[in-house]
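Protein chains in written order, with the numbering used here: chain A, 1 to 173; chain W, 174 to 346.
Protein chains: 2
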Amino acid sequence: MSQPETAGTRRPISADTTGPTNVRMPDSVSAGALNHAILRVARLHRMLAGQLLRKVGLHPGQELVMMQLWDHGPQRQTDLVRLLGSDAATMTRTIQRLENAGFVRRHPSPTDKRVTIVEPTAASNALRNDVEQIWMDLETSAAEGMTPARLAEAVVVLGRIEESLARATSQEA
Amino acid sequence: MSQPETAGTRRPISADTTGPTNVRMPDSVSAGALNHAILRVARLHRMLAGQLLRKVGLHPGQELVMMQLWDHGPQRQTDLVRLLGSDAATMTRTIQRLENAGFVRRHPSPTDKRVTIVEPTAASNALRNDVEQIWMDLETSAAEGMTPARLAEAVVVLGRIEESLARATSQEA
DNA sequence: AGTCTTTACCTGTTCAGGCAACTACACCAG
DNA sequence: CTGGTGTAGTTGCCTGAACAGGTAAAGACT
């Protein structure tokens, strides 16, 4: 913000290699308007989530695990990884912290000695309403001042970006 | 397990024709369509950035510091914090790592003994084109398949979300 | 049966990011 | 000149997140 932003919304990739002028477009920042917009929204969203979750003693990321467990009951750890799109190592430690905090319990599967079943504790139910309220507050904050049409538009637009990024990510692998 | 579940909060978030993954969503998930969309986009964006930046030896977040320095020259550390919206503690350690990697140099300000001036090294210039190319690739990946109109729409929509979140964040403080 | 591969989970390491507490310095009011 | 206040930077501590490596179990295949 408040940058010169000379050419306004110019195309991000202008093949300037044609001319000898080599002005070089020094502003590598304005060239990534979408990148920066995504980064800023992501940071604000995560920061606000962190502020709200702090009040109930959770850290960002943990609430997703808890909501998954509350909604769908005991699950294998690897399913949590798959459903939340997380990393197995991250999930291991997140679950360990949630276990230490008394919000989940773990026990080995009787049919497969590799798998660990994770289930929410009764004590965690006291959090459920708070977390769901936080989730709704977060949604409301992100959409504040939007008409329903604009909210729907936002979801559509984010879906398009997600689809593009998912395609690029799979190609990268 | 199914509590009344805030029956009255059925805001018009239906817009079910949007999600790329059209699996059925329980209440606490569909109630946060925008939340989940933001989280997924943020994760994919960061992951893709990490994959691309890894090739040049940078970690996500460091490229923002370097681009800021390349574009605007030596700056005070606190200005980097303010401009990038980061945390002072994080900036300290990020700069230290960039210094160890030989990409930036630090020296105290002659006029104010508190401040540290950070400047990019000549060696870092070898990275500049690569990083800017990565930044453009990332932008292209995020916008792949979009018409210019849809790209502009995406930036506007993200701007609206950012504005809403910023408002909520400041109120929360 | 024996070997190979895959799966599930854990640990070590590194980094970003945030809060809290602290030091050093600058500035201002008296 | 002194004391209070604000600023700049650092470190400690905790967490999420990703990668690499390792272990144990389950399957698959000879």
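Virtual Cβ for every residue (Gly too), placed ideally from N, Cα, C.
Exercise for the section: May I ask you to list, following chain order, the residues of the region 142-161 of chain A that have a beta carbon less than 8 Å from some beta carbon of chain W? Expected result: Correct list: 142, 143, 144, 145, 146, 148, 150, 151, 152, 153, 154, 155, 156, 157, 158, 159, 160, 161.
Practice task
Tell me, please, which residues DSSP counts as bridged to residue 290 (chain W).
Solution key: Paired residues: W:249, W:280.
Exercise for the section: Measuring only between beta-carbons, confirm whether residue 119 (chain A) sits less than 8 Å from chain W. Expected result: By this cut-off, residue 119 (chain A) is not an interface position.
Practice task
Could you please give the first and the last residue of the uninterrupted alpha helix (DSSP H) stretch that includes residue 265 (chain W)?
Solution key: 261-273 is the extent of the alpha helix (DSSP H) around residue 265 (chain W).
Exercise for the section: Could you confirm whether any beta carbon from chain W is found closer than 8 Å to the beta carbon of residue 48 (chain A)? Expected result: Chain W contact via Cβ: present.
Problem - DSSP three-state assignment for residue 112 (chain A), whether helix, strand or coil - result: Look at residue 112 (chain A) here: in three-state DSSP terms it is coil, with no helix or strand label.
Handout entry: For residue 233 (chain W) and residue 219 (chain W), believed in contact at Cβ under 8 Å, the rounded distance
Key = Rounded to whole angstroms, the Cβ separation of residue 219 (chain W) and residue 233 (chain W) is 6 Å, and the two are in contact under 8 Å.
Problem - Under 7 Å from the C-beta of residue 249 (chain W): neighbouring residues of chain A - result: Neighbours of residue 249 (chain W) on chain A: none; closest Cβ ~17 Å, over 7 Å.
Exercise for the section: Please confirm whether residue 154 (chain A) and residue 330 (chain W) have their CB atoms less than 8 Å apart. Expected result: Against a cut-off of 8 Å, the Cβ pair of residue 330 (chain W) and residue 154 (chain A) comes out as a contact.
Exercise for the section: Evaluate residue 126 (chain A) with the Cβ neighbour count: other Cβ atoms within 10 Å of its Cβ, from every protein chain shown; 16 or more gives buried, anything less gives exposed. Expected result: Taking a 10 Å sphere around the C-beta of residue 126 (chain A), we find fewer than 16 other C-beta atoms and assign the residue as exposed.
Handout entry: Segment limits, alpha helix (DSSP H) that includes residue 144 (chain A)
Key = Looking at the DSSP string, residue 144 (chain A) is not in any alpha helix (DSSP H), and its letter there is neither H nor E.
Handout entry: Where the region 115-140 of chain A meets chain W: residues whose CB sits under 9 Å from a CB there
Key = Of all residues in the region 115-140 of chain A, 128, 129, 131, 132, 133, 135, 136, 137, 138, 139, 140 have a Cβ within less than 9 Å of some Cβ in chain W.
Problem - Whether residue 312 (chain W) touches residue 44 (chain A) by CB criterion (8 Å) - result: It is not a contact, given that the beta carbons lie outside the stated cut-off.
Practice task
Would you kindly work out how many angstroms separate the C-alpha atoms of residue 209 (chain W) and residue 343 (chain W), rounded to a whole number?
Solution key: Counting only the Cα atoms, residue 343 (chain W) lies some 22 Å from residue 209 (chain W).
Practice task
Ignore the nearest five residues each way along the sequence and tell me which others in residue 225 (chain W)'s own chain have a CB closer than 7 Å to its CB.
Solution key: If we look at residue 225 (chain W) and ignore the five residues flanking it on each side, its Cβ neighbours are 307, 310, 311.
Exercise for the section: Using beta-carbon positions only, say whether residue 115 (chain A) and residue 66 (chain A) come within less than 8 Å of one another. Expected result: Not closer than 8 Å, so no.
Handout entry: Within chain A, the residues that residue 340 (chain W) reaches when beta carbons sit closer than 9 Å
Key = Result: 141, 144, 145.
Exercise for the section: Out of A:106, A:100, A:111, point me to the one whose CA is closest to residue 117 (chain A)'s CA. Expected result: Here the closest residue by C-alpha is A:106.
Exercise for the section: Using three-state DSSP, classify residue 197 (chain W) as helix, strand or coil. Expected result: Residue confidence is low: residue 197 (chain W) scores 38 on pLDDT, short of 50, so the model does not pin down where it sits. Its coordinate-derived value is still stated next. Coil at residue 197 (chain W), not helix or strand.
Exercise for the section: Compare the Cα-Cα distances from residue 32 (chain A) to each of W:333, W:325, W:338, W:340 and report the closest residue. Expected result: Comparing Cα positions, the closest option is W:325.
Handout entry: Whole-angstrom distance between residue 104 (chain A) and residue 98 (chain A), CA atom to CA atom
Key = If I take the Cα positions, the gap works out to 6 Å.
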